[in-house]
Structure formats: structure tokens, C-alpha cells
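Residue 179 in the working numbering sits at position 179 of the sequence shown; the count goes up by one each step and never skips.
Note that CB positions come from ideal geometry on N, CA and C, so glycine has one too.
Working notes for the structure below.
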Amino acid sequence: MDARTLDGREIELDQQMVGGLRMRLRGPVLLPGDAGFEEARTLWNGMIERRPALVARCIGTADVIEAVRFAREHELLLCIKAGGHNIAGLAAADGALMIDLSPMRGVWVEPGRKIAHAQAGCLLGDLDRETQLHGLATVLGFISLTGCAGLTLGGGFGYLTRRFGWTCDNVLGMDVVTAEAKLVRAS
Numbered sequence: 001m002d003a004r005t006l007d008g009r010e011i012e013l014d015q016q017m018v019g020g021l022r023m024r025l026r027g028p029v030l031l032p033g034d035a036g037f038e039e040a041r042t043l044w045n046g047m048i049e050r051r052p053a054l055v056a057r058c059i060g061t062a063d064v065i066e067a068v069r070f071a072r073e074h075e076l077l078l079c080i081k082a083g084g085h086n087i088a089g090l091a092a093a094d095g096a097l098m099i100d101l102s103p104m105r106g107v108w109v110e111p112g113r114k115i116a117h118a119q120a121g122c123l124l125g126d127l128d129r130e131t132q133l134h135g136l137a138t139v140l141g142f143i144s145l146t147g148c149a150g151l152t153l154g155g156g157f158g159y160l161t162r163r164f165g166w167t168c169d170n171v172l173g174m175d176v177v178t179a180e181a182k183l184v185r186a187s
């Protein structure tokens, strides 16, 4: 299977390489033609048609680290899909390794501290539903199918912005996987 490198070259990823990635992840690694590939690569904006070489459907931070490490080892073009809601389709790239965070939708709330924790694939509706159970709300966008990660990284404008600031103003910390495949805590 052909994949693209960071400098635009095309390289062949053989079954042994892909099998090695599959062994390193708990979540599935999907290739074109595999069940679930089309759904995983699909973005909210149906006008955007991009075909990654393979999709790593990560189910935890360790999967993300291993997928980034694999991309580094093979100098692969990398794209990240959380909610996939960006109008320009920036979550997908032709020939890339797509890291699909959409299975990582966990949300937990600490009502006493008025803090919510959300995984990277969480949608606004997921976060809203869990916080409302505790009489809490946060600054979110207007569309419940938008990904929290993309909204936050873009600033995050919503109904509560005038009173409480942007979504990014309300972040206490994030676990971030760097391009070096290292986990850091940003706060």
C-alpha cells in the first residue's frame, strides 16, 4: 500500500509493517477495503474527499503514542481526527496515517470541584450530557456533534462565552502527545 512521507515522497507500507503497528495498538488499524475504513476516514463535511493510507483507531493514550512513534519511524505524513468537524477537512490527508481519536469519548465529572475531564475524541454533546447530570455547564460551541478537541484548539466560542470566556480560557490542563511520541502534561 502506498503512503506519503512528510517530504511528499510515496513509500510502500508492506503487510509486515502494518502488522507491526497492529501488534502495538489495542485499537484496530484499518486499511482501504477493511470493514470500518470508510466510516473512520469520513469527515463531517461530505464535500471533502481525502483518502489516508491507513487509519489507527486509538482507544487510549498509549495507542496514540505508538501511532505517532510508527509515523516517526517511517517518516509518514500524519493527520489527527477527533470529531472530524473542521469545515476545511483538516483532519484528513491523502496517503497519511490518520490517527482517529473518535473512539476516545470518555467524560467524567468531579462535581465537588466543578471540573470535567474529557478524552480527545469526545464530542460537545458527550461533555454537555455528563456535566448537566451535575447541574454544571461549560463554554461549548453550538453544534453537539463538534469535537471538543478541535473546538478548544480553535479557541471555542459558544453561548456562555460572553460571561465565562472562550472554551480554551476554561482549560485547566491537557495531556498532550508530542511529535516525539512523548506524553506531557500542559497546564
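- The Cβ atoms of L76 and L172 lie no closer than 9 Å to each other.
- Looking at the DSSP output, I48 bridges to nothing.
- Between V29 and A71, the C-beta spacing is not below 9 Å.
- Judged by their CB atoms, I59 and I80 are not nearer to each other than the 9 Å cut-off.
- Apart from sequence neighbours up to five positions away, the residues of its chain that approach G89 with a beta-carbon distance below 7 Å are L43, N45, I48, R50, ordered along the chain.
- Only exposed fits T178, as fewer than 16 other CB atoms lie within 10 angstroms of its CB.
- Contact annotation: V139 and W166 have beta-carbon atoms nearer than 9 Å.
- As DSSP reads the structure, R163 sits in no beta bridge.
- Rounded to whole angstroms, the Cβ separation of A91 and G84 is 5 Å, and the two are in contact under 8 Å.
- DSSP assignment within the stretch 89-173 yields the following whole alpha helix (DSSP H) runs of 4 residues or more, N-terminal first: 124-132, 148-153, 161-164.
- Closest in alpha carbon position to L124, among A96, K114, G112, G158, is G158.
- By a beta-carbon distance limit of 8 Å, V107 contacts A118. Their separation comes to about 5 Å.
- Excluding residues up to 5 positions away in sequence, L172, G173 lie with their Cβ nearer than 7 Å to the Cβ of S187 in the same chain.
- The alpha-carbon separation between G150 and N86 amounts to approximately 8 Å.
- Counting along the chain, L54 sits inside the beta strand (DSSP E) bounded by residues 54-57.
- In this structure, DSSP gives L183 an extended state, which the three-state scheme calls strand.
- Taking a 10 Å sphere around the C-beta of V68, we find 16 or more other C-beta atoms and assign the residue as buried.
- Excluding residues up to 5 positions away in sequence, D128, T131, L160 lie with their Cβ nearer than 8 Å to the Cβ of A137 in the same chain.
- For E73, the three-state secondary structure derived from DSSP is helix.
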